[in-house]
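Report on the following structure.
Numbering (the numbering used here), first residue to last: 154 to 231.
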C-alpha cells in the first residue's frame, strides 16, 4: 500500500527537526561546558579540551567557544 504524499514530507520534516534538535543540544552542552570551565579556571579551554570534555566534534567545539565568549562579554557588559 502506498503512503499519501503528505506523509513522506511530514516524515522528512520530523527527521530534519530531530537532527536540528540534536545538533542544537550538542552545541548548547558544549557552550555550557566552556562557560563552566572559564568560571572555574579563569581561562578559555582549547578546542581539543572542548572536544573531549563535551564530547563534540571540532566544528561544534569551535562554534561553542565563540558563542561562550560572546555570552560572557555580554554578561560583563563589554
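Backbone N, C-alpha and C fix where the C-beta goes; we use that ideal spot for every residue, glycine too.
Cβ neighbours of residue i in the same chain (closer than 6 angstroms, five flanking residues each side left out)
i: residue 179; result: 209 and 213
i: residue 199; result: none
i: residue 158; result: In this predicted model, residue 158 has a pLDDT of only 48, less than 50, meaning its place in the structure is not dependable; the value taken from the coordinates is given anyway. Contacts found: none.
Outcome for residue i when other beta-carbon atoms lying within 10 angstroms are tallied against a minimum of 16
i: residue 227; result: exposed
i: residue 194; result: exposed
i: residue 221; result: buried
i: residue 184; result: buried
i: residue 174; result: exposed
i: residue 217; result: buried
Residue i - DSSP class collapsed to helix/strand/coil
i: residue 210; result: coil
i: residue 175; result: helix
i: residue 184; result: helix
i: residue 195; result: coil
Cut-off 8 angstroms between Cβ atoms - residues of its own chain near residue i, not counting five sequence neighbours on either side
i: residue 206; result: 186, 190 and 198
Sequence-distant residues of its chain with Cβ nearer than 7 angstroms to residue i (five each side left out)
i: residue 169; result: none
i: residue 182; result: 207
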